[in-house]
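Q:
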Amino acid sequence: MIEFRIHGRGGQGSVSAAYLLASAAFEAGRMCQAFPAFGAERRGAPVVAFVRIDDRTIDLRAQVSAPDYLIVQDDTLLHLKGITAGLKKGGAMVVNSTQDAALLEAQFGCKVFCLPADQLSVEAFGKPIPNTALLAAFLTLMPLFEVDALIEALKRRFGGAVLEGNIALARQVAAQTPKGIWQEIEHA
Amino acid sequence: MRSAVEGSQAIAKAVSLCRPDVVSAYPITPQTHIVENLSKLVADGNLHTEFVSVESEFSAASVVLGAAAAGARAYTASSSQGILLMAEVLFNIAGMRVPVVMTVANRAVSAPLSIWNDHSDSMAVRDAGWIQIHCSDNQEAVDTTIQAFKISEETELPVMVCMDGFILTHTMEVIDMPEQKLVDDWLPPFDFTRALNPAAPKSIGTLVTPDFFTEVRQAHHTAMQNALEVIERTDSSFAETFGRASGGLLTVEGEEDAKIGILAMGSTIGTLREGHRRHPEAGAAKIITLRTFRPFPAEAIRQAAAGLDHLIVIDRAISPGLGGIVGTEVAAALLGSKNPPRLHNHALGLGGRDIPETIFADLLDSVTKSDAPGFSIFDLIPENLAPEDR
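The listed protein sequences correspond, in order, to chains V and Z. For the first sequence, the numbering used here begins at 1 and goes up steadily by one. For the second sequence, the numbering used here begins at 189 and goes up steadily by one.
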């Protein structure tokens with residue numbers, strides 16, 4: 001089972017990111033589970049969402065406390081205590097940031113990939129919604145399944161110009177991100 | 189067709205497959221997405237029903253009561269304070285023996301305010317005379333929603349389909365959505381023989397003197413007891429048509445020779461099952477999924493508990509001053525049975541406290557260590573208590 005924790009702020013599409021990743025996993029023939037840990041639902045407040053992907057039915061309902069991967073939609077959240085809490089040895093995080101990934105790797109002791117997802121999404125469809133770019137980057141670094149599955153998931157969720165913009169963004173990020181440099185964590 | 193879908197969206201679709209004549213509901217977290225999705229199905233022309241927007245849950249329950257009494261297939265959904273605001277009408281719906289289906293997106297009850305999951309809301313109306321069925325995953329919730337209309341219409345008893353708020357309602361997972369054609373064949377249109385009809389006027393729910401009130405209650409109790417068989421038969425019939433069952437009154441899994449059993453309702457089951465799979469060293473255990481809480485399946489529980497030395501009963505609500513509700517009822521069911529297991533009743537996961545996968549091993553461990561049977565809140569954090577309460 002591969003477990004993700006997604007950190008973001010209300011309004012950034014963090015729960016959508018979780019649903020998109022799970023939906024993409026289903027399109028790729030895997031079993032999936034995605035759910036939010038809602039607090040008081042306010043724009044800008046920290047939001048956490050979880051995703052599990054497996055080859056069999058997922059029974060576990062607990063929140064993800066020991067994630068394989070983190071997706072961080074807002075780099076101001078890196079200051080929060082416990083942002084990497086429970087991250088498995090060999091785990092990694094994708095961050096929406098213009099910071100130097102090497103510095104963050106040194107700070108957090110895990111693999112980090114940074115991309116300016118706000119800027120990329122503004123260019124692609126006019127809004128700073130970083131989720132599609134971050135997921136496309138993750139699936140290129142760590143090809144659990146093809147980015148095409150993410151595009152299928154986008155098609156199930158969006159339509160019109162928003163869909164076109166998201167698809168173009170996913171393809172652009174996939175083309176510009178190093179392919180397959182992250183490996184799946186071996187599970188005992 | 190299989191798809192990855194959010195629980196609430198799946199429930200809205202399942203309701204639409206049952207072709208309700210009237211839907212009325214007032215939004216409340218965490219039920220909101222169910223009503224939003226039903227409203228969208230109607231607005232998009234994909235569900236032809238009378239969708240009545242109301243100003244409160246009291247009105248929502250009243251609308252479905254009136255509609256169903258007039259012979260309409262009627263549906264509503266609510267949570268927490270919404271269930272409490274409905275309470276008076278819920279007793280009336282059941283007392284008038286009017287078939288209605290309601291989803292309860294289970295949530296804690298104020299005060300203090302909590303939007304998160306436990307079973308306090310449906311427990312607060314457990315004596316209203318409704319059938320209450322708990323779902324352990326979203327596939328069960330979809331299938332049970334469809335079954336609920338059939339059960340309700342055959343028994344002339346209203347049915348609550350209980351699903352854990354957020355943990356199921358807001359979780360996307362893979363669902364096999366039944367085909368409309370199969371649902372149409374399996375669930376024929378509602379034909380309420382006692383429907384109000386201006387051509388043959390009658391009243392329901394009027395004043396009943398002491399001459400007959402007792403007998404009305406006896407009839408209701410008998411109908412609830414008879415519903416046990418209907419719930420089992422409906423689940424079997426559903427399985428024949430759709431290829432999967434939802435767990436009848438209760439199901440038992442785990443090692444056949446296990447001496448410890450854990451009984452729970454709702455989504456906690458999945459976490460227990462995963463704990464059991466990951467920690468065989470914790471010991472053998474039977475996991476008992478109590479699906480039907482009202483009517484209470486006492487005989488099925490006695491059979492499931494036969495041969496056990498210990499039975500751990502999990503409550504997701506507390507009756508202050510008593511302890512666990514399911515635990516107390518299971519204890520009553522086991523009274524008088526030969527060599528009953530020792531009962532360990534624990535409340536946990538109150539107001540959304542996360543239930544970790546380690547709970548399975550911790551519960552099993554507590555049985556061997558504990559010499560104090562009875563009730564406790566298992567996941568209490570003593571440091572979080574005010575000093576004067578420690």
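Beta carbons are placed, not taken as given, at the ideal position from N, Cα and C, and that holds for glycine.
For Leu203(V), which residues in chain Z fall below 7 Å Cβ to Cβ?
A: Past the edges of chain V, shown from 1 to 188, lies residue 203(V), and the structure says nothing about it.
Q: Below 6 Å CB to CB, which residues in the same chain sit around Arg504(Z) once its five sequence neighbours on both sides are set aside?
A: Stepping through the second sequence from its first residue, residue 504(Z) is reached at position 316. For Arg504(Z), where only same-chain residues beyond five positions count, the Cβ hits under 6 Å are Asp306, His307, Gly537.
Q: Interface residues of chain V around Ala192(Z) at Cβ under 7 Å?
A: Against the second sequence, residue 192(Z) aligns to sequence position 4. Correct list: Ala22, Ser23, Phe26, Cys32.
Q: Of all the CB atoms in chain Z, is at least one closer than 7 Å to the CB of Pro46(V)?
A: On the first sequence, residue 46(V) is found 46 positions in, with the first residue counted as 1. So, not an interface residue.
Q: With 7 Å as the C-beta to C-beta threshold (strictly closer), list the residues of the segment 342 to 371 of chain Z near chain V in chain order.
A: So the list reads Phe354, Ile355, His358, Thr359, Met360, Glu361, Val362, given in the order they occur along the chain.
Q: Mind pulling the chain Z residues with CB within less than 9 Å of Pro130(V)?
A: As a first step, residue 130(V) is located in the first sequence; it is residue number 130 there, counting from the start. Within chain Z, no residue comes near Pro130(V); the closest Cβ sits about 20 Å away, beyond 9 Å.
Q: Any C-beta of chain Z sitting closer than 7 Å to the C-beta of Gln63(V)?
A: Numbered from its first residue, the first sequence carries residue 63(V) at position 63. Chain Z, which has a Cβ nearer than 7 Å to the Cβ of Gln63(V), makes this yes.
Q: Please list, in chain order, the chain V residues whose beta carbon lies closer than 7 Å to that of Asp542(Z).
A: Within the second sequence, numbered from 1, the residue matching residue 542(Z) stands at position 354. Going along chain V in sequence order, the residues near Asp542(Z) (Cβ under 7 Å) are Ala62, Gln63.
Q: Between which residues of its own chain and Ala275(Z) is the CB-CB distance below 6 Å, once the five residues before and five after are set aside?
A: Here residue 275(Z) refers to the residue found at position 87 when the second sequence is read from its first residue. Val313, listed in sequence order.
Q: Could you pull out every residue in the same chain whose Cβ sits closer than 7 Å to the Cβ of Leu87(V), ignoring the five residues on either side in sequence?
A: Along the first sequence, one-based indexing puts residue 87(V) at 87. Excluding sequence neighbours, Leu87(V) sits near Pro67, Leu70, Cys110.
Q: Please go through the same chain and pick out, in chain order, the residues whose beta-carbon is closer than 6 Å to the beta-carbon of Lys557(Z), but skip the five residues on each side of it.
A: For the purposes of this step, residue 557(Z) is identified with residue 369 of the second sequence, where counting begins at 1. Cβ within range, chain order: n/a, list empty.
Q: Would Arg61(V) pass as a contact of Gly458(Z) if the rule is Cβ separation under 7 Å?
A: The residue given as residue 61(V) occupies position 61 in the first sequence. The residue given as residue 458(Z) occupies position 270 in the second sequence. For Arg61(V) and Gly458(Z), yes; Cβs fall inside 7 Å.
Q: Taking only three categories from DSSP, how would you classify Gly11(V)?
A: Translated into positions along the first sequence, residue 11(V) becomes position 11. Coil.
Q: Measuring straight from C-alpha to C-alpha, what distance separates Asn326(Z) and Pro398(Z)?
A: As a position in the second sequence, residue 326(Z) is number 138, starting the count at 1. As a position in the second sequence, residue 398(Z) is number 210, starting the count at 1. Rounded to whole angstroms, Asn326(Z) to Pro398(Z) spans 45 Å at the Cα level.
Q: Can you check the segment 298 to 370 of chain Z for any alpha helix (DSSP H) of at least 4 residues that lies completely inside it and give the ranges in chain order?
A: Complete alpha helix (DSSP H) runs here, min 4: 308 to 312, 326 to 343.
Q: Is it buried or exposed, His236(Z), if we count other Cβ atoms within 10 angstroms and call 16 or more buried?
A: Counting from one through the second sequence, the residue named residue 236(Z) turns up at place 48. His236(Z) is exposed by the Cβ-count criterion.
Q: Pull out every residue of the segment 298 to 326 of chain Z whose Cβ sits closer than 7 Å to any Cβ of chain B, in chain order.
A: Chain labels in this structure do not include chain B; the protein chains are V and Z.
Q: Is Ser455(Z) close to chain V? Criterion is C-beta to C-beta, closer than 7 Å.
A: Taking the second sequence and counting its residues from 1, one reaches residue 455(Z) at position 267. Ser455(Z) counts as touching chain V.
Q: Give a yes or no on whether the C-beta atoms belonging to Glu171(Z) and Ile475(Z) are separated by under 7 Å.
A: Nothing about residue 171(Z) can be reported from this structure: the residues present for chain Z run from 189 to 578 only.
Q: For Gln33(V), which three-state DSSP category applies?
A: Translated into the one-based positions of the first sequence, residue 33(V) becomes position 33. Three-state DSSP puts Gln33(V) in a strand.
Q: Using DSSP bridges, identify the partner residues of Gly449(Z).
A: The sequence position of residue 449(Z) within the second sequence is 261, counting from 1. DSSP lists Lys474(Z), Leu499(Z) as partners of Gly449(Z).
Q: Please list, in chain order, the chain Z residues whose beta carbon lies closer than 7 Å to that of Pro36(V).
A: Working through the first sequence from its first residue, we reach residue 36(V) at position 36. Here the neighbours are His358.
Q: Please go through the segment 240 to 276 of chain Z and give each complete beta strand (DSSP E) segment of 3 or more residues, from N-terminal end onward.
A: Complete beta strand (DSSP E) runs here, min 3: 262 to 266.
Q: Roughly how many whole angstroms lie between the Cα atoms of Met290(Z) and Gly515(Z)?
A: Translated into the one-based positions of the second sequence, residue 290(Z) becomes position 102. Translated into the one-based positions of the second sequence, residue 515(Z) becomes position 327. Between Met290(Z) and Gly515(Z), the C-alpha separation is close to 25 Å.
Q: Would Ala293(Z) and Pro218(Z) qualify as a contact pair, given that the criterion is a beta-carbon distance under 7 Å?
A: Taking the second sequence and counting its residues from 1, one reaches residue 293(Z) at position 105. Taking the second sequence and counting its residues from 1, one reaches residue 218(Z) at position 30. Yes, Cβ-Cβ distance for Ala293(Z) and Pro218(Z) is below 7 Å.
Q: Between which two residues does the alpha helix (DSSP H) containing Ser425(Z) stretch?
A: The residue you call residue 425(Z) lines up with position 237 of the second sequence. Counting along the chain, the alpha helix (DSSP H) containing Ser425(Z) begins and ends at 401 to 430.
Q: Checking contacts by CB at 7 Å: is Tyr69(V) closer than that to chain Z?
A: One-based indexing of the first sequence puts residue 69(V) at position 69. No, Tyr69(V) lies away from the interface with chain Z (no Cβ there is under 7 Å from its Cβ).
Q: If you run the structure through DSSP and keep just helix, strand and coil, what is Ala22(V)?
A: Counted from its first residue, the first sequence places residue 22(V) at position 22. Ala22(V): helix per DSSP, three-state reduction.
Q: Could you say which of Asp118(V), Leu134(V), Ala133(V) lies nearest to Lys127(V) if we only look at CA atoms?
A: Within the first sequence, the letter at position 127 stands for residue 127(V). When only C-alpha atoms are compared, the closest one is Asp118(V).
Q: State yes or no: is the C-beta of Gly259(Z) within less than 7 Å of the C-beta of Phe380(Z)?
A: Sequence index remark: in the second sequence, residue 259(Z) carries index 71 (1-based). Sequence index remark: in the second sequence, residue 380(Z) carries index 192 (1-based). In this structure, Phe380(Z) lies closer than 7 Å to Gly259(Z) by Cβ.
Q: For a test of the three-state rule: what should DSSP assign to Gly195(Z), helix, strand or coil?
A: Sequence index remark: in the second sequence, residue 195(Z) carries index 7 (1-based). Three-state result, Gly195(Z): helix.
Q: At 3 residues or longer, what runs of the beta strand (DSSP E) sit wholly inside the segment 72 to 98 of chain V?
A: With a minimum length of 3 residues, the continuous beta strand (DSSP E) runs that stay inside the segment 72 to 98 of chain V are 92 to 96.
Q: According to the neighbour-count rule (16 or more other Cβ atoms, all chains shown, within 10 Å of its Cβ), is Met360(Z) buried or exposed?
A: Taking the second sequence and counting its residues from 1, the one referred to as residue 360(Z) is at position 172. Buried: at least 16 other Cβ atoms inside 10 Å.
Q: Using the three-state DSSP reduction, which class does Arg171(V) fall into: helix, strand or coil?
A: Walking along the first sequence from the start, residue 171(V) turns up at place 171. Of the three classes helix, strand and coil, the one that applies to Arg171(V) here is helix, per DSSP.
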